[in-house]
Amino acid sequence: MTTFWSRSGVGLAAVAAALVAFSAWSIAAPREKSSAAAGETAKVDAAKVDTAAGEAIDVFDAIKSEQVDVKFIAVSANKANLIVENKTKKPLTIKLPEAFAGVPVLAQFAAGAGQDVGGGGGPAFNIAPEKTHKVELAVLCLDHGKPDPTARMPYELKPISAVSDKPEVSALLVRYGKGDVATKAAQAAAWHLENGMSWQELAGKNIEDPRGLKSPYFTKREIAQGMKLADGAVAFAKEHAAGAPGFESFSPGAKASR
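Take any residue in the sequence shown, count from 1 to its spot, add 61: that is its number in this note's numbering.
#1: Classify Ser276: buried if its beta carbon has 16 or more other beta carbons within 10 angstroms, exposed otherwise.
#2: Return helix, strand or coil for Ala291, following the three-state DSSP convention.
#3: According to DSSP, is Ser259 helix, strand or coil?
#4: Considering Cα atoms alone, identify which of Ser231, Glu262, Tyr278 is closest to Glu269.
#5: Pick out whichever of Pro220, Lys150, Ile124, Tyr237 has its Cα sitting closest to the Cα of Asn139.
#6: Report the partner residues of Phe133 according to the DSSP bridge assignment.
#7: Thinking C-beta only, is Tyr216 closer than 9 Å to Gly257?
#8: Going by other Cβ atoms of all chains shown within 10 Å of its Cβ, with 16 needed for buried, is Ala294 buried or exposed?
#9: Taking a contact to mean a Cβ-Cβ separation below 9 Å, would you say Leu157 touches Gln128 in this structure?
#10: When burial is assigned at 16 or more other CB atoms within 10 Å of the CB, is Asp177 buried or exposed?
#11: So what's Glu283 in DSSP terms, helix, strand or just coil?
#12: Can you tell me the Cβ-Cβ gap for Ala247 and Leu198, rounded? I've got them flagged as a contact below 8 Å.
#13: I need the boundaries of the alpha helix (DSSP H) containing Ala114, first residue and last residue.
#14: Pull up the distance between the alpha-carbon of Val196 and that of Gly163, whole angstroms please.
#15: Excluding sequence positions up to five away, which residues of its chain have a Cβ less than 7 Å from the Cβ of Lys245?
#16: Roughly how many angstroms lie between the CA atoms of Lys227 and Glu255, to the nearest whole one?
#17: Tell me which residue opens and which closes the alpha helix (DSSP H) that Val235 is part of.
#18: What separation, rounded to the nearest whole angstrom, lies between the Cα atoms of Leu263 and Ser126?
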């Protein structure tokens with residue numbers, strides 16, 4: 062598994078280990094279930110991908126060795142598609158990192174580059190030889206003030222360290238990837254942790270409808286939940302540094318307690 066804390070010195074596996082105790086982060090309003098929930102093995106293409114397991118390999122190692130071709134499509138502020146093509150003549154089992162980033166390809170879209178996004182990985186998935194698999198992922202924006210991502214903006218999959226050196230941000234993304242945290246609450250926490258936005262700023266953020274009428278972007282409940290998530294992420298990142306006891310027993314595919 063690739064390590065994504067190279068600049069901060071905190072091990073992702075250790076932070077992930079801490080998630081077995083994430084019941085303390087329980088949020089009353091979990092994210093709505095949808096086909097884009099992180100960690101789901103999502104719809105496959107018309108080729109009806111063979112589910113036979115093959116050689117297990119980290120997605121970044123598979124990219125580097127040219128065993129797969131990967132396209133990251135940021136559909137919206139909170140949804141992304143990962144299209145993975147097996148370029149080999151053998152089945153592959155692809156593992157996503159516990160936390161990842163989607164980064165705009167600035168050379169192609171410099172003037173209107175959208176926000177970096179991040180998400181939490183899920184279970185490994187299988188791809189038959191020379192076939193393609195699509196995984197739908199839930200993501201959070203990590204660059205407040207820049208345009209929201211759209212499918213027209215070219216993005217690429219990157220390690221989370223490409224956009225953030227803050228272990229608490231990665232802890233939040235891993236937590237969010239479990240699929241039982243409300244999206245808006247997690248988004249408030251992400252902008253607070255990564256972009257330094259105060260809770261007052263977040264509470265005062267508005268959204269404007271086509272008629273020009275403004276309404277709060279976050280409800281009071283979402284702000285309260287976001288504060289709880291952010292505090293939990295900071296606490297876990299501080300407590301569970303590299304080498305923390307027990308991280309070996311963490312299962313990346315396990316569901317967090319509600």
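By construction, the Cβ of each residue, glycine as well, lies at the ideal position given by its N, Cα and C atoms.
According to the data block:
#1: Sequence index remark: in the sequence shown, residue 276 carries index 215 (1-based). So Ser276 counts as exposed.
#2: For the purposes of this step, residue 291 is taken as residue 230 along the sequence shown, with counting starting at 1. DSSP, read as helix, strand or coil, puts Ala291 in helix.
#3: Taking the sequence shown and counting its residues from 1, one reaches residue 259 at position 198. Note: Ser259 maps to coil in three-state DSSP.
#4: Taking the sequence shown and counting its residues from 1, the one referred to as residue 269 is at position 208. Among Ser231, Glu262, Tyr278, the Cα nearest to that of Glu269 belongs to Tyr278.
#5: Here residue 139 corresponds to residue number 78 of the sequence shown, with the count starting at 1. Among Pro220, Lys150, Ile124, Tyr237, the Cα nearest to that of Asn139 belongs to Tyr237.
#6: Residue numbering aside, residue 133 sits at position 72 when the sequence shown is read from its first letter. DSSP output for Phe133 lists Leu143, Tyr216 as bridge partner(s).
#7: The sequence position of residue 257 within the sequence shown is 196, counting from 1. The sequence position of residue 216 within the sequence shown is 155, counting from 1. Result no, Cβ atoms of Gly257 and Tyr216 do not sit closer than 9 Å.
#8: Residue 294 sits at position 233 when you count from the first residue of the sequence shown. Buried is the call here.
#9: Start at 1 with the first residue of the sequence shown, and residue 157 comes out as number 96. Start at 1 with the first residue of the sequence shown, and residue 128 comes out as number 67. In this structure, Leu157 lies away from Gln128, with their beta-carbon atoms at least 9 Å apart.
#10: Residue 177 sits at position 116 when you count from the first residue of the sequence shown. So Asp177 counts as buried.
#11: Locating residue 283 in the sequence shown gives position 222, counting from the first residue. In the structure shown, Glu283 sits in a helix (DSSP, three-state: H, G or I).
#12: Residue mapping note: residue 247 aligns to position 186 of the sequence shown, counting from 1. Residue mapping note: residue 198 aligns to position 137 of the sequence shown, counting from 1. About 14 Å separates the two Cβ atoms, so there is no contact after all.
#13: As a position in the sequence shown, residue 114 is number 53, starting the count at 1. Unbroken run through Ala114: none, as it is neither H nor E.
#14: For this step, residue 196 is matched to residue 135 along the sequence shown. For this step, residue 163 is matched to residue 102 along the sequence shown. Val196 and Gly163 have their alpha carbons spaced roughly 14 Å apart.
#15: Within the sequence shown, the letter at position 184 stands for residue 245. Excluding positions up to five away in sequence, the list reads Phe279, Glu283.
#16: Position 166 of the sequence shown, counted from the first residue, corresponds to residue 227. Position 194 of the sequence shown, counted from the first residue, corresponds to residue 255. If you take the alpha carbons of Lys227 and Glu255, they lie about 7 Å apart.
#17: Taking the sequence shown and counting its residues from 1, one reaches residue 235 at position 174. 228-237 is the extent of the alpha helix (DSSP H) around Val235.
#18: Here the question's residue 263 lines up with position 202 in the sequence shown. Here the question's residue 126 lines up with position 65 in the sequence shown. A direct Cα-Cα distance of roughly 43 Å separates Leu263 from Ser126.
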